[in-house]
Every structure is written in C-alpha cells, then in structure tokens.
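According to the UniProt record's numbering, the sequence shown holds residues 1 to 362 in order. Quick reminder that beta carbons are idealized off the backbone N, C-alpha and C, glycines included. In what follows, a structure is listed as structure tokens, so that the remarks can point back to it.
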Amino acid sequence: MPHTVRGVIARRKQAPTEVVDVVIPDPGPHDVVVSVQACGVCHTDLAYREGGINDEYPFLLGHEAAGTVESIGSAVTHVAPGDFVVLNWRAVCGRCRACRRGRPWYCFDTFNASVPMTLADGTPLTPALGIGAFADKTLVHEGQCTKVNPDTDPAVAGLLGCGVMAGLGAAMNTGEVGRGDSVAVIGCGGVGDAAIAGARLAGATTIIAIDRDPAKLAWAGELGATHTIDGSQTDDVVSAVRELTGGHGADVVIDAVGRPETYRDAFYARDLAGTVVLVGVPTPELTLQLPLVDFFSRGGALKSSWYGDCLPERDFPMLIDLYEQGRLPLDKFVTERIALADVEQAFAAMADGRVLRSVVQW
C-alpha cells in the first residue's frame, strides 16, 4: 500500500524549501522503495530550487543518498529487501547506441522509477536527478541502486551518489590521470576536492589546488594537494601553474567551477597536448570565446565529465573498499551532519563556503 513520509520540496522558483508529507506509491515492476539513511546537500539541489535546472515544480530534493532497500517490484532481480545501497542517477539501459558501443557511462536512455511520488493532494513531484532523497523513503528504479559494504557509514557512502563521484571520476576516468602526472584543479569545493583526492589516488605527483578561499585551499591540502594558488592574490593563474610545473603547464587541468574565465585559465594552464576536463556545470547563458588557432596549435584533449564518467556497479564498491582500506579519505568530505529540517540552512552554509558537505542523517 502507498504510505506517507516526510520530504523536503521546492514548491516554486527561489522559494524556501518546505518539509511536507510525501506519498510513496507501490513500486512498479522494476521499482524499489529505499529507506534513506543519509543524503548529502549538493549544489545541484540548490540549482533545482533556484530554477537553474528546469521549471517542473514542485521538486522533491536530494539525490546523494545511501539507504536500505525496503520493498521491491514484482520483476526486480538486481537488489533484495535489506540490501544496503548507494543511489545513482545514471542507471544505464544497456540498449541505447552508447551502451551498444561499449560506452555505457554515456548512456542516453537512463532509467527512473515508473510511477511518481506525490504530495498528499495528489500533485506529482519531480525528484531531483530522478531520486528525491530528502525524504524518509524514496522510490527509484532498481538500476539506480548499487549494493556496497553494509558496514560503511551511510553519510560517507551516499556522497558517491553525485559530487564526490563526479570529482573522483573527472580525474581518474575522464582525465585519465596517471602515475607521475601533474594536475591542476580550479575550484576546491566538494567536486574539486574530490578531483584532488582522485588525482592523488591515481598517482599524480604534482597536484595544484586553485581557489579564492583560504579555507577551501586548506581542505584541498588535507585531501592531497601538494601546492595551492590563492586566486584572490594573483590575476595570472596560468603563470602560477606554469611556475609550479617547470614552465610547461599541467598534464591535466580540471575546471570544477564551469565559468568562461575559469575554463580559459584551464585551457592555457595545461601543457602542450595536455588535457582539460570540465566538470563544473555552467549555466545556460554562459559563452566562451577563444582563438580557434589556439585549439589547433596546442593539441591535446578537451573533455566534459558527466558524473565522472562512472559506472556505479564498477566504481562505487571499489571506492568504498578503498575507503575502508584507509586509502581514500571520503569521511573528510562530511563537514556536518544535520536533520531533515535543516536543509535550507545547509544551502546557506554551502553558499558561504563553510562546508564541503552537509549531510542529512536519519
């Protein structure tokens, strides 16, 4: 039977969030009801509230989540009740042209739950990134559930559901950082610092963190940065990166901000034939203008990283194992643990740069 839980919604553009009753319907054949144990507060949730994603209000916010499978649809084979899972927003179909070509991380037809969650009056909710996990329970497709070590702290495990995975994957998957490489990361929030941790894990020897906030640069140092550049103290980030890389530029530069000025710095701060990875999400009105000859003459690769080009079934268990071995400090991303009613205050803390991640914990 359908049941009612608490959930955090954005009812209209730029309005404060509300904690309201949310109705979880019976799962469809391939759907799963998950009892949420922890969910990180991601900048994407704020973008939904502010109208930066689309206008399909009301939104059920939250998507960086871990929890326990409570019930399953009649055709579910991927998980069972009681499984501890991390939720993901790119459940690959296995049939689209990207999947058939062996590139499932680009899947063009990802799955979500087949029936909507609603408000008490029957109004359908749009779940953030197809998940909607600022709620006691949520409804997702079975492919959005990835089983991981059940002994893992849910607040840590859930971070792989979005921002931390995006940053780790930007370095390890998209950027293909290797042993001995030099890496520069522009923007040291949660995604950028995860890229720093990923570069360190991949064996980079020079890891340069770039930000305008000294507190964020300090966090970057804890997560693996070997050098820092305070952008508020220099108007020439490119020269500063070159000075730290023998005058050449970095092998891989990761833009975790997503603005024309940061992308331009990333483009020119890389070595000849180096790689630029854009993982910061730009807003639709932003444009970039660069001399075309510079694209040609510098060579290399310009890449965008979608969700860190991850495969949840491959990457989530591996990264949790590395965390449990003490080789990946995922717990350092958890700045504070909060209640469901504190999401609005967490957005303010995020905007002020006071946290890497606030995590709602049940």
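Counted within 10 angstroms of its Cβ, other Cβ atoms place residue i as buried (16 or more) or exposed
i	result
residue 244	buried
residue 363	Past the edges of the chain, shown from 1 to 362, lies residue 363, and the structure says nothing about it.
residue 37	buried
residue 122	exposed
residue 357	buried
residue 189	buried
residue 234	exposed
residue 239	exposed
residue 215	exposed
residue 55	exposed
residue 288	exposed
residue 295	exposed
residue 182	buried
residue 165	buried
residue 326	exposed
residue 180	exposed
residue 286	exposed
residue 95	exposed
residue 352	exposed
residue 237	buried
residue 61	buried
residue 192	buried
residue 293	exposed
residue 151	exposed
residue 328	buried
residue 318	exposed
residue 82	exposed
residue 350	buried
Limits of the alpha helix (DSSP H) - the one that residue i falls within
i	result
residue 98	97-100
residue 261	260-269
residue 169	163-169
residue 15	Where residue 15 is concerned, there is no enclosing alpha helix (DSSP H), given that its DSSP letter is neither H nor E.
residue 148	Where residue 148 is concerned, there is no enclosing alpha helix (DSSP H), given that its DSSP letter is neither H nor E.
Start-to-end residues for the beta strand (DSSP E) that takes in residue i
i	result
residue 40	31-40
residue 374	No information on residue 374 is available, as it lies outside the stretch 1 to 362 that the chain covers here.
residue 184	182-186
residue 87	84-87
residue 360	358-361
Expected contact under 8 Å - CB spacing of residue i and residue j to nearest Å
i	j	result
residue 161	residue 87	5 Å
residue 63	residue 129	4 Å
residue 330	residue 156	5 Å
residue 300	residue 262	Not really, about 18 Å apart at Cβ, beyond 8 Å.
residue 355	residue 256	Rounded, the Cβ-Cβ distance is 16 Å, inconsistent with contact.
residue 207	residue 225	5 Å
residue 90	residue 110	5 Å
residue 367	residue 69	Residue numbering for the chain in the displayed model covers 1 to 362; residue 367 lies beyond these limits and cannot be assessed.
residue 39	residue 334	Not confirmed; about 12 Å, so no contact.
residue 125	residue 9	7 Å
residue 278	residue 304	5 Å
residue 7	residue 218	Actually they do not touch by this definition, with Cβ atoms about 35 Å apart.
residue 220	residue 209	3 Å
residue 269	residue 246	Rounded, the Cβ-Cβ distance is 13 Å, inconsistent with contact.
residue 148	residue 316	6 Å
residue 73	residue 35	Actually they are not in contact, since the Cβ atoms of residue 73 and residue 35 sit about 16 Å apart, beyond 8 Å.
residue 65	residue 29	The pair is not a contact, with the Cβ atoms about 22 Å apart (cut-off 8 Å).
The stretch 165-177 in contact with the stretch 309-321 per 3-pair CB rule at 8 Å = With a cut-off of 8 Å, the stretch 309-321 and the stretch 165-177 count as touching, because enough Cβ pairs lie within range.
What runs of the beta strand (DSSP E), each 3 residues or longer, lie entirely inside the stretch 107-146?
-> Runs of the beta strand (DSSP E) inside the stretch 107-146: 137-141.
Does the pairing of the stretch 335-352 with the stretch 198-205 give three or more beta-carbon distances under 8 Å?
-> Taking 8 Å as the limit for Cβ pairs, the verdict is that the stretch 198-205 does not touch the stretch 335-352.
Length-filtered (4 minimum) alpha helix (DSSP H) runs lying within the stretch 190-268 | Listed in chain order, they are 190-202, 214-222 and 237-244.
Write down every uninterrupted run of the alpha helix (DSSP H) in the stretch 51-82 whose length is 4 residues or greater and which is fully enclosed by it, in chain order.
-> List check, alpha helix (DSSP H) in window: nothing returned.
Report the residue ranges of all beta strand (DSSP E) runs contained in full by the stretch 287-349; include only those spanning at least 3 residues, in chain order.
-> Within the stretch 287-349, the runs of beta strand (DSSP E) at least 3 residues long that lie entirely inside it are, in chain order, 301-304 and 336-338.
Decide if the stretch 112-119 is in contact with the stretch 24-31; the criterion is three or more beta carbon pairs, one per stretch, under 8 Å apart.
-> In short, these stretches touch, since the Cβ pair count reaches three.
Would you check if the stretch 7-19 and the stretch 40-49 touch, i.e. whether three or more CB-CB distances between them fall below 8 Å?
-> Note that the stretch 40-49 touches the stretch 7-19; at least 3 beta-carbon pairs, one per stretch, sit closer than 8 Å.
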